[in-house]
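Here the structure is laid out as structure tokens; the discussion comes afterwards.
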Amino acid sequence: MKTSAKMTITAALGLASALSQGCAGDSSRPKTFSTDWLDDGGRSISEVQARLRGVRPSVSTDLVVSVAGNDKIIGTPLGEGAQWTATHALDARPIIAGGVVVVSGGNEVAALDAASGKKLWSRPTGGLPLLGAGDDGNVTALSLSRGAGSTLLVVGRDGSVKRQLETDKAIGDPEVVGGVVFVPWANQYVSAIDAASGDEIGRVTIRDKVSRALAIGGTLYFGELAYVRFDDKIGQASRGGASRVALPSRELPGTPRLLVPGTEKVPPAANARDRDRLFGRPSGDAATLGIDSNRFYASYYRLIFGFESQRGHLAWVRTHAHDFIGGDAVVGGVVLCDDQGKIVVLDAQTGQVAMERPIGEPIKSCVVQADSFQAPKPASPGPSLGQQITDAVTVREATLATAQRLLLRELATLEDEAATKTLIDIASDTRSVPVLVADARAALATRRNGASHMLAALGKHYDYLHDVLRSPPVGPIADALAAMKDPNAAPLIATRLLDPQITDDDVKRAAAALALIGTEKEMPQLKQFFAMYRGTAPTDEVAVAVGSVGEAMLRINAKEARPLVEAAVKDTMTVPVARARLEALLAATPDKPAADKPAADKSATKK
Amino acid sequence: MRAPTSFPALRRVALALALTCAGESSVSAQPAKAPAAKPAGKVDVGPAVQKLKSGDEAQIRAGLDDLRIAGSGASGAAPAVAELLARGLSEPLAQQAIDTLGDLESPEGSAVLAQYAAHRTVAIRRSAVKALTRTKGPAAAAALRKALGDADAQVRGNAASGLGALKAKDAVPDLFAALDHKVNEAAASIGQLCNAEQCDQLAGKLGKLPFDVVTGGLEPVLFRPASDISDDAKIKLIGRLRELGTGEANRFLKDVEKRLPKEASPRVRQAVEQAVKATTGGSQ
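If you're matching them up, the sequences are chains A and B in order.
Each residue of the first sequence is one higher than the one before, starting from 1 at the first, in my numbering.
Each residue of the second sequence is one higher than the one before, starting from 1001 at the first, in my numbering.
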């Protein structure tokens, strides 16, 4: 351990020396990143904003950068241009910053030309992890993690270090605009640092958690949980008056993040968190700030959801062939890459594929930058939302269950008969994940359309010889059809009541439905069930069903049923739960006097 | 199939003798002469039926006991037992009533047994299916065909065996479906019921299903009378076994050779003998 510690210290000293080359005479660490700063009410940052008015972040290359194989970096342009490949040791995910791709590994950080992949420069880092990078076309700012603190490095196009700032604060992902480096830190500040002098020339306190500065579509934003635009309102940020946009809060599959914290080292290969992401692109004119195309997106393994960005309603869901491991929102859509090396561009409004581009091999991770790229329009609008949800929820993969549960709840809100069918199919399929079956059954019971699908389902039954190994969800269907008072339902429900393969819960609910909608035609089945189970009900649920069947019989034909029910109540062989219910039933429905008996009473009433 | 016929018969003889000596039986059983094959004589079921109608659990139990002891000779009580089941009983009594109907071997019990063959309690379904095998009749065959698709393997197996016993030739396609779904008992029933084409279809399962399962069906074919299945059909089966050329085929054929009755067709016998020779030394 000691040897290791010594080596680390030596390496760190060496690194400090190495990083200082080219800026040895610079001792710029005045009040930069100081915490004794008092909020100036936006004065300093407004001055910076005024200074940079008219200066836009440099135009970035529209590019997907993937990691593949062994330290292989592939750049795939979204627009014109040829795909390039470069090789560099990697200990962190590549970062696309303006016109460069910054890579880290092998104790150095290097910049590749985003258009060609050609190495522009490299600097030793002593193995410090790369956290973020920004570029304005002249200099590249890098944030490196240094234990509890950080190093900010400003490197010129020639590879020379223009500025090196070290701090005990955790700084996030920087951006450079017009020679000013914007550095988020301590989750709440963004410091504007003059790249030439190293002086902090402005600072703003952001009310949202902030760890990233980003140039998106020619505009600078700060954020992590939301986007705060760097515009003429930025001075009001500490008072909550900045131009800000966030995604609406809603249930999402998993716990996706809009932006990875800028203080977090991102590994070169995608992990589980990369399969569970949120994407949304801020956009708007000077007066308003919103989310591009009124859509934000959530990926979950091989599913991608499109949500309306005002209230978070589900607009579409797409089921892809392979897991998505990276992407970003672009103008008019979202660009995603899957682990098999395919880039897909989906239309914001419909979720349909607008463009596909193969990378050519399976990839380990990818990052996307789209400055001016716009998603083309797809050829067709695609299937209905109900069908899209059906496609997604009928994928038999346990990893998707969380998202599928969400989708089932969405499906249940659709006034689409096909949605009812999908719920039945899920509840009837032995391959369905158990939690989904439970959800589908619950949703089905509340449906008030799709009766024809329900009736068709009731016509099916368990059949080992024909590989029908799960009965239809008789109970929920019975609930729904009884609520709809469907005249065709009772005979089918009565038949299923005698099916030994439906669950006890289904029996209970089927019997309850027949108590409401059973007719004289169902009396034979009701009597058979009553006789068979009043003394042999294997569970309380079936015993309760006996009570409901008694109720049905009394309602349908009291004259015929009452002696049967009375006899069952007297018979000690009737199971206690059923007997108690039948007793209560008889008490609640006293025997009607014969027609000729109450003559006296009738006359009394008249009086 | 041997156990169900011999054991109850022996038990009946023993119990009937004992009860006759004691003079306490409410069912006047006829003396048993040839227990295995001949049906029991008719007995007076009146006292037992009275017990069944008492509404008292203990009395009903006793009445059912009496009827079971009397066996098929008390078949006249089948409607009363069926009526009991149709009205509803506790689970133990329902089980006993089902078993009793089986012992009474009256088709009049089949309709209610068919209902209980679809009871939610698997033990009751198993008993009902077994009983149906003995009560026979169209209702029994229909219920057993339905029971082939039951969720319980034992119910399926019993139903498959029962269809053979009931000679339900219409059920052969269902039995093939059952065999394809690992209801191995279906093979023997197919062997008892198949026509020439169906028997050949069964032989076609050689190499696809376990040898023992398929030969469990082929064996009864070879021992069926020529009036039921032609010698040509049998010889075709033997040819298929011969083609296998395996040690297990040889052992099976040798066993058949030993057990062929004297009156067996010479052509069939010759085919078996030649097949035994041809498969001797076959692979294991």
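Ideal placement from N, C-alpha and C gives every residue a C-beta, glycine not left out.
Worksheet item: Among A:555, A:556 and A:550, which one has its Cα closest to the Cα of residue 567 of chain A?
Response: For the purposes of this step, residue 567 of chain A is taken as residue 567 along the first sequence, with counting starting at 1. Considering only alpha carbons, the answer is A:550.
Fill in: Start-to-end residues for the alpha helix (DSSP H) that takes in residue 390 of chain A
Residue 390 of chain A sits at position 390 when you count from the first residue of the first sequence. Its alpha helix (DSSP H) spans residues 385 to 393.
Worksheet item: What's the C-alpha gap between residue 1225 of chain B and residue 1261 of chain B?
Response: Translated into positions along the second sequence, residue 1225 of chain B becomes position 225. Translated into positions along the second sequence, residue 1261 of chain B becomes position 261. Approximately 11 Å between the Cα atoms of the pair.
Discussion item. I want to see whether chain A comes within less than 8 Å of residue 1132 of chain B, judged by CB atoms only; does it?
Written reply: In the second sequence, residue 1132 of chain B corresponds to position 132, counting from 1. Residue contact with chain A for residue 1132 of chain B: absent (no Cβ-Cβ distance below 8 Å to any residue of chain A).
Discussion item. 8 Å is my cut-off, CB to CB: does residue 1088 of chain B come that close to chain A?
Written reply: The count along the second sequence starts at 1 and reaches residue 1088 of chain B at position 88. Answer yes: the Cβ-Cβ gap between residue 1088 of chain B and chain A drops below 8 Å somewhere.
Item to complete: Count the other CB atoms, across all protein chains shown, that sit within 10 Å of the CB of residue 277 of chain A; report buried if there are 16 or more and exposed otherwise.
Response: Here the question's residue 277 of chain A lines up with position 277 in the first sequence. Its Cβ being crowded by 16 or more others within 10 Å, residue 277 of chain A is buried.
Worksheet item: From what residue to what residue does the alpha helix (DSSP H) around residue 1252 of chain B run?
Response: Position 252 of the second sequence, counted from the start, is the residue given in the question as residue 1252 of chain B. It spans 1247 to 1259 - the alpha helix (DSSP H) in which residue 1252 of chain B sits, taken as one unbroken run.
Worksheet entry | Secondary structure, alpha helix (DSSP H): runs of 4+ residues fully inside the segment 272 to 331 of chain A | None, since the segment 272 to 331 of chain A contains no complete alpha helix (DSSP H) of that length.
Worksheet item: Per the contact definition of three or more C-beta pairs closer than 8 Å, is the segment 148 to 164 of chain A in contact with the segment 204 to 219 of chain A?
Response: Segments in contact, no.
Item to complete: Determine the closest residue to residue 1256 of chain B out of B:1272, B:1247 and B:1248, with distance taken between C-alpha atoms.
Response: Translated into positions along the second sequence, residue 1256 of chain B becomes position 256. With distances taken between Cα atoms, residue 1256 of chain B lies closest to B:1272.
Worksheet item: Taking one C-beta from the segment 344 to 362 of chain A and one from the segment 378 to 390 of chain A each time, how about it: are there three or more such pairs within less than 8 Å?
Response: Counting Cβ pairs under 8 Å, three or more are found: they touch.
Worksheet item: So who's on the other strand from residue 121 of chain A, going by DSSP bridges?
Response: Counting from 1 along the first sequence, the entry for residue 121 of chain A is found at position 121. Answer is A:111.
Discussion item. Rounded to the nearest angstrom, what separates residue 370 of chain A and residue 58 of chain A at their Cα positions?
Written reply: Taking the first residue of the first sequence as 1, we reach residue 370 of chain A at position 370. Taking the first residue of the first sequence as 1, we reach residue 58 of chain A at position 58. When rounded, the distance between both Cα atoms is 13 Å.
Practice prompt. Would you verify that the beta carbon of residue 948 of chain B is, or is not, closer than 8 Å to some beta carbon of chain A?
Written response: A question about residue 948 of chain B goes unanswered here, because the residues of chain B that appear run from 1001 up to 1284.
Item to complete: Please go through the segment 1126 to 1158 of chain B and give each complete alpha helix (DSSP H) segment of 4 or more residues, from N-terminal end onward.
Response: Listed in chain order, the alpha helix (DSSP H) runs fully inside the segment 1126 to 1158 of chain B are 1138 to 1147, counting runs of at least 4 residues.
Fill in: Contact the segment 271 to 291 of chain A vs the segment 248 to 261 of chain A: 3+ CB pairs below 8 Å
Here the segment 271 to 291 of chain A lies against the segment 248 to 261 of chain A, with 3 or more beta-carbon pairs under 8 Å apart.
Worksheet entry | Chain-ordered chain B contacts of residue 573 of chain A [CB-CB under 8 Å] | Within the first sequence, the letter at position 573 stands for residue 573 of chain A. Chain B residues near residue 573 of chain A: 1057, 1088, 1089, 1090 and 1093.
Worksheet item: Taking C-beta to C-beta, are residue 93 of chain A and residue 353 of chain A nearer than 8 Å?
Response: In the first sequence, residue 93 of chain A corresponds to position 93, counting from 1. In the first sequence, residue 353 of chain A corresponds to position 353, counting from 1. Taking 8 Å as the Cβ cut-off, residue 93 of chain A and residue 353 of chain A do not qualify as a contacting pair.
Worksheet item: What residues in its chain sit with their C-beta under 7 Å from that of residue 1169 of chain B, if we drop five residues either side in the sequence?
Response: As a first step, residue 1169 of chain B is located in the second sequence; it is residue number 169 there, counting from the start. These residues qualify, in order along the chain: 1193.
Discussion item. Please report the distance separating the alpha-carbon of residue 386 of chain A from that of residue 416 of chain A.
Written reply: Counting from 1 along the first sequence, the entry for residue 386 of chain A is found at position 386. Counting from 1 along the first sequence, the entry for residue 416 of chain A is found at position 416. In this structure, the alpha-carbon of residue 386 of chain A lies about 7 Å from that of residue 416 of chain A.
Item to complete: Return the Cβ separation of residue 1051 of chain B and residue 1073 of chain B in integer angstroms, given the expectation that the two are a contact with Cβ distance under 8 Å.
Response: Counting from 1 along the second sequence, the entry for residue 1051 of chain B is found at position 51. Counting from 1 along the second sequence, the entry for residue 1073 of chain B is found at position 73. Contact doesn't hold; Cβ gap of about 17 Å is too wide.
Worksheet item: For residue 1085 of chain B, which option in B:1070, B:1239, B:1071 and B:1064 has the closest C-alpha, if you only look at C-alpha atoms?
Response: In the second sequence, the residue the question calls residue 1085 of chain B occupies position 85. The shortest Cα separation from residue 1085 of chain B among B:1070, B:1239, B:1071 and B:1064 belongs to B:1064.
Fill in: Three-state secondary structure (DSSP) of residue 1264 of chain B
In the second sequence, residue 1264 of chain B corresponds to position 264, counting from 1. Residue state for residue 1264 of chain B is assigned as coil, using DSSP reduced to three classes.
Discussion item. Restricting to Cα atoms, I'd like to know which of A:485, A:520, A:545 and A:483 is closest to residue 510 of chain A.
Written reply: Your numbering for residue 510 of chain A matches position 510 in the first sequence. Residue 510 of chain A has its Cα closest to that of A:545, out of A:485, A:520, A:545 and A:483.
Worksheet entry | Residues bridged to residue 358 of chain A [DSSP beta-bridge criterion] | On the first sequence, residue 358 of chain A is found 358 positions in, with the first residue counted as 1. Bridge partners of residue 358 of chain A: A:342.
Item to complete: Return the first residue and the last residue of the alpha helix (DSSP H) that residue 588 of chain A is part of.
Response: By 1-based counting over the first sequence, the position of residue 588 of chain A is 588. For residue 588 of chain A, the uninterrupted alpha helix (DSSP H) run begins and ends at 576 to 588, by DSSP.
Fill in: Between the CA atoms of residue 525 of chain A and residue 453 of chain A - distance to the nearest angstrom
Translated into the one-based positions of the first sequence, residue 453 of chain A becomes position 453. Translated into the one-based positions of the first sequence, residue 525 of chain A becomes position 525. If you take the alpha carbons of residue 453 of chain A and residue 525 of chain A, they lie about 23 Å apart.
Worksheet item: Where does residue 207 of chain A sit, in a helix, a strand or coil, going by DSSP?
Response: In the first sequence, the residue the question calls residue 207 of chain A occupies position 207. DSSP places residue 207 of chain A in coil when its eight states are reduced to three.
Worksheet item: Where residue 174 of chain A and residue 141 of chain A are concerned, what is the direct C-alpha to C-alpha distance, given to the nearest angstrom?
Response: To locate residue 174 of chain A, count along the first sequence from 1; it is residue 174. To locate residue 141 of chain A, count along the first sequence from 1; it is residue 141. Here the alpha carbons of residue 141 of chain A and residue 174 of chain A stand approximately 7 Å from one another.
Fill in: CA-to-CA distance, residue 409 of chain A to residue 1298 of chain B, given in whole angstroms
Residue 1298 of chain B is absent from the model: chain B starts at 1001 and stops at 1284.
Discussion item. Quick check on the burial criterion: 16 or more other C-beta atoms within 10 angstroms. Buried or exposed for residue 1173 of chain B?
Written reply: Looking up residue 1173 of chain B in the second sequence gives position 173. Its Cβ having fewer than 16 others within 10 Å, residue 1173 of chain B is exposed.
Discussion item. Which residues does DSSP list as the beta-bridge partners of residue 229 of chain A?
Written reply: Numbered from its first residue, the first sequence carries residue 229 of chain A at position 229. Under DSSP, residue 229 of chain A forms a beta bridge with A:221.
Item to complete: Please name the residue in A:263, A:391, A:245 and A:358 whose C-alpha comes closest to that of residue 317 of chain A.
Response: Within the first sequence, numbered from 1, the residue matching residue 317 of chain A stands at position 317. Among A:263, A:391, A:245 and A:358, the Cα nearest to that of residue 317 of chain A is on A:391.
Worksheet item: Just checking my contact of residue 306 of chain A with residue 300 of chain A at CB under 8 Å: how many whole Å lie between their CB atoms?
Response: As a first step, residue 306 of chain A is located in the first sequence; it is residue number 306 there, counting from the start. As a first step, residue 300 of chain A is located in the first sequence; it is residue number 300 there, counting from the start. Wrong, their Cβ atoms sit about 12 Å apart, outside the cutoff.
Worksheet item: Using Cβ-Cβ distances below 8 Å, what residues of the segment 520 to 531 of chain A are close to chain B?
Response: Of all residues in the segment 520 to 531 of chain A, only 528, 530 and 531 come within less than 8 Å of chain B when Cβ atoms are compared, listed by chain position.
Item to complete: On the DSSP bridge assignment, give the partners of residue 189 of chain A in chain order.
Response: In the first sequence, counting from the first residue as 1, residue 189 of chain A sits at position 189. DSSP links residue 189 of chain A through a beta bridge to A:185 and A:205.
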